[in-house]
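Just so we're aligned, residue 349 is where the sequence shown starts under the numbering used here, counting upward by one.
Glycine residues also receive a C-beta, built at the ideal position from the N, C-alpha and C atoms.
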Amino acid sequence: MANGSRGWDGHTLTRLEDVLAAEPCPVCAEADGAAESWFATYEHETNADPAMKMRMKDTLGLCTAHTRRLLDQTMSAGWLTAALFADVVPAGLRMLAAGHGPTAPCPPCTAAARRVDTVLGVLRAGLADSARLRAAYEAGSGVCLPHLRPLVTGMRANTAAPVVRRLVRTLEAGTGEALGGLAGFDPDQRRRARVTTVHRDAVLEAEERAVKTSTAAYVELILATPACPLCTARERARWRLYDWLGTTPTPPEELRLDAALCGAHLGDLAAAGWSAAADALTRYNADRVLADLRPAADRLAALPTGWRGAVRAPRRTVLRTLTATFRPIPCRACRVADLAERDERALCAIVAGDRSRADELAQAHGLCLRHGLALAADARLPASWRDLLVTRLRLLGYELDRAARQTPRDGRWRTRGSELTAWRRAPTLLDGAVLGPRPPGGPA
């Protein structure tokens, strides 16, 4: 037993010390590393593997964030995404006909989740057994709020208390560290801000002009927008909230629930250009969490050291403490996006029954596949919107197949057209949140 570490060899301890040195959260960093490893393997080895291709059909490709990451693979984005989307489109049509969504989760998300489970288990055991690891944890940034509860679950109370105290110190620090403590590491944040806000001003101006004119003008905007109306409504609602939070003179303490944002949306607020408001709201949300975490750390430290587990014994005392303190932040941006989607969905249902707009609807972009499947699963997808989505998907599938045949040797004599850029347009139809809203007359 070296350095107060029961059964832990020096190599393992050194590796774990390196893990704990990552900022702003070592568990988030490991999750991102697992996703990065998955992408490297997929790009160079498994993209043509039959088992992987079948799995991608079951998952309908990747989640929103990881699709953006795939599109960011500079050297391979074109051929890699084109092949993936060519498999996803027919699978999506089959799921749409069956009325259900993907049957498996996003593969890189699965790889990241497995790494997180492994790292949490090792840290849980290591912090209990090794004084050297406990010192490294204190010297590092500690885990973020989302990973705090799964880490301390199953720990002895005397081991969990310093872990909670470490997060308390992070949240008490400057706004940069506090944001890291609230949100952890969001590898998609910069991509999201760079890609989805390209047409922000034009989209908001078009909405304001239509809303001030009439409801009929707003309906025409929905039908003329070259993007999913539900995804567009969600993003616009968040942008409006960010602008309001960035310009209101009311302090966060008086805004109360309107000032409550999750870590991801605090980062988006800063990326939208309202850095001062983001700092103030980060401090406000950190203080709200601290009001619960400080007494939790004190109660855990006061429990007898012989009691095992933060959720086992004594169940009434410790479990009640955890449940009362580790509450998710009721994010206002998430809420306004949900409400905007609900309102837009209701209007789309009205448009579906308006025979006078049948020709306009037939020319519209329509819903993305992600929203189409979600509504079809609950039998809430109007037939006209469903038929439009099916037609758009079939055309996209045709373009992707045709582009695949336009190889330098086999297609030298053919006229090359828009099918060669179909892979760039595919994300807008498959998942409108990937590339964000588009203004009327803008690129699809």
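Whole-number beta carbon distance between residue j and residue i, since they are thought to touch under 8 Å
i: Glu371; j: Gly528; result: 7 Å
i: Trp356; j: Asp477; result: 6 Å
i: Arg631; j: Ala526; result: 7 Å
i: Pro775; j: Val782; result: 4 Å
i: Phe533; j: Cys679; result: Not a contact, Cβ separation roughly 18 Å.
i: Ala770; j: Leu748; result: 5 Å
i: Thr507; j: Leu475; result: 6 Å
i: Ala625; j: Leu617; result: 6 Å
i: Val684; j: Arg586; result: 7 Å
i: Pro597; j: Ala607; result: That pair is no contact at about 13 Å.
i: Trp540; j: Arg416; result: Sequence inspection shows Arg at residue 540; the Trp mentioned does not correspond to that position. Right, the Cβ-Cβ distance comes to about 7 Å (below 8 Å), so this counts as a contact.
i: Glu378; j: Arg463; result: 5 Å
i: Leu593; j: Trp622; result: 7 Å
i: Glu391; j: Gln421; result: 6 Å
i: Ala697; j: Pro730; result: 6 Å
Nonlocal neighbours in the same chain, by C-beta distance under 7 Å from residue i, ignoring five residues either side
i: Leu709; result: Leu571, Val699, Ser732, Leu736
i: Leu361; result: Ser353, Ser478, Arg480, Leu481
i: Arg772; result: none
i: Pro456; result: Ala383, Trp386, Phe387, Leu410, His414
i: Val437; result: Leu741, Leu744, Gly745, Leu748
i: Arg664; result: Since pLDDT at Arg664 reaches only 46, below the 50 mark, its modelled position is unreliable, and no value is offered.
i: Arg656; result: The predicted model places Arg656 with a pLDDT of 45, which falls under 50 and marks its position as unreliable; any figure quoted below should be read in that light. Result list for Arg656: Arg504, in chain order.
i: Ala431; result: Asn395
i: Gly449; result: Met443, Leu721, Ala722, Ala725
i: Thr407; result: Pro450, Ala452, Pro453, Cys454, Pro455
i: Ser704; result: none
i: Leu554; result: Here residue 554 turns out to be Ala, not Leu, going by the sequence shown. Same-chain partners within the cutoff: Leu569, Pro787, Pro788.
i: Thr523; result: Asp627, Thr630, Arg631
i: Thr573; result: Thr580, His713, Arg786, Pro788
Other residues of its chain near residue i: CB distance less than 6 Å, five sequence neighbours each side excluded
i: Ala620; result: Tyr590
i: Leu717; result: Gly440, Leu778
i: Gly611; result: Leu530, Ala531
i: Gly780; result: Ala575, Cys576, Cys579, Cys716
i: Arg660; result: Confidence at Arg660 is low in this model, with a pLDDT of 46, below 50, so the placement of that residue should be treated as unreliable; the coordinate-derived value is given next. Closer than 6 Å at Cβ, skipping near neighbours: no residue.
i: Arg728; result: none
i: Leu368; result: Pro374, Ala484, Tyr485, Gly488
i: Gln537; result: Gly615
i: Ala681; result: Arg586, Leu589, Leu609, His613
i: Thr544; result: Gly784
Contacts around residue i, its chain only, beta-carbon distance under 8 Å, and the 5 residues preceding and following it disregarded
i: Glu486; result: Pro510, Arg514
i: Leu638; result: Val516, Leu519, Glu520
i: Leu568; result: The identity of residue 568 in the sequence shown is Glu, whereas the question assumes Leu. For Glu568, where only same-chain residues beyond five positions count, the Cβ hits under 8 Å are Ala558, Glu708.
i: Asp380; result: Ala460, Phe533, Pro535
i: Ala751; result: Ala430, Glu767, Leu768, Ala770, Trp771
i: Ala434; result: Gly745, Leu748, Asp749, Ala752
i: His547; result: Gly784, Pro785, Arg786, Pro787, Gly790
i: Leu614; result: Leu527, Leu530, Ala531, Ala626, Leu629, Thr630, Asn633
i: Leu499; result: Val375, Leu468, Leu471, Arg472, Val491, Val511
i: Arg636; result: Ala608, Ile677
Contact between the segment 552–565 and the segment 397–417 is defined here as three or more beta-carbon pairs at a separation below 8 Å; is this criterion met?
Fewer than three beta-carbon pairs drawn from the segment 552–565 and the segment 397–417 are found closer than 8 Å, and the two stretches are therefore not classed as touching.
Ignoring anything shorter than 4 residues, give me the alpha helix (DSSP H) runs that lie fully in the segment 496–575, in order along the chain.
Complete alpha helix (DSSP H) runs here, min 4: 505–520, 523–531, 537–544, 548–561, 563–572.
Counting beta carbon pairs with one atom in the segment 629–644 and one in the segment 717–731, are three or more of them shorter than 8 Å?
Touching, no.
Please specify which runs of the alpha helix (DSSP H), each continuous and at least 4 residues long, are wholly inside the segment 570–642, giving them in chain order.
Entirely contained in the segment 570–642, the alpha helix (DSSP H) runs reaching 4 residues are, in chain order, 577–595, 600–603, 611–619.
Across the segment 721–730 and the segment 439–456, are there enough close Cβ pairs to call them in contact, namely three or more that are closer than 8 Å?
With the rule of 3 Cβ pairs closer than 8 Å, the segment 721–730 counts as touching the segment 439–456.
Inter-stretch contact at 8 Å, needing at least 3 Cβ pairs: the segment 677–697 / the segment 581–588:
Because the criterion of three Cβ pairs below 8 Å is met, the segment 677–697 and the segment 581–588 touch.
Unbroken alpha helix (DSSP H) runs of length 4 or more, entirely within the segment 415–452: which are they?
Taking 4 residues as the minimum length, the alpha helix (DSSP H) runs contained wholly in the segment 415–452 are 425–446, in order along the chain.
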